[in-house]
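Report on the following structure.
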Amino acid sequence: MSVDCTYFKPAGVPTRSLEEVVLAIDELEAMRLVDVNGLYHDKAAEQMGVSRRTFGRILDTARKKVARVLVEGMALRIEGGHIEIVKQRTFACSECRHIWNLPFGTGRPKSCPACDSKRFRREVTT
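Structural data, given as structure tokens:
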């Protein structure tokens with residue numbers, strides 16, 4: 001995910017007088033998937049490559065941090081590196097070697113569109 005704004009604070013309050021909360025990039029991603037994109041937790045967990053239970057913990061922690069920042073008038077810093085949002089997933093068929101892309105949020109394909117094989121995998125993009 002490319003995050004252009006990484007620091008938020010109450011208007012008119014000097015930064016030096018604010019307590020700061022750090023929101024990890026995976027916490028922001030969890031909120032984006034559920035609260036912005038409207039995904040169910042199981043689908044969002046799949047996209048992040050974590051278990052449903054782990055996803056729930058990440059999301060819960062993120063929401064508590066953001067709520068605390070808003071309620072207590074604190075600063076929020078987003079940290080954790082640069083992660084590129086990939087708009088599509090790439091799949092490769094083990095039978096015919098066909099490679100195809102599907103947008104996120106459309107679910108896992110049932111078969112290869114070229115040969116109808118069930119033997120395919122999701123390619124990891126780096």
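Residue numbers (our numbering): 1 to 126.
Virtual Cβ for every residue (Gly too), placed ideally from N, Cα, C.
A quick note: this is a predicted structure, and the numbers were derived from the prediction, not measured.
Per DSSP, reduced to three states, the secondary structure at residue 16 is helical. Contact check between the segment 42-58 and the segment 112-123: fewer than three CB pairs, one atom from each, fall below 8 Å, which does not count as touching. For residue 90, there is no enclosing alpha helix (DSSP H); the residue is part of the beta strand (DSSP E) that begins and ends at 88-93. One Cα belongs to residue 90, the other to residue 124, and the distance between them is close to 8 Å.
Under the DSSP definition of a beta bridge, residue 122 partners with 91. Per DSSP, the beta bridge partners of residue 101 are 90. Taking a C-beta distance under 8 Å as the contact criterion, residue 42 and residue 52 qualify as a contact pair.
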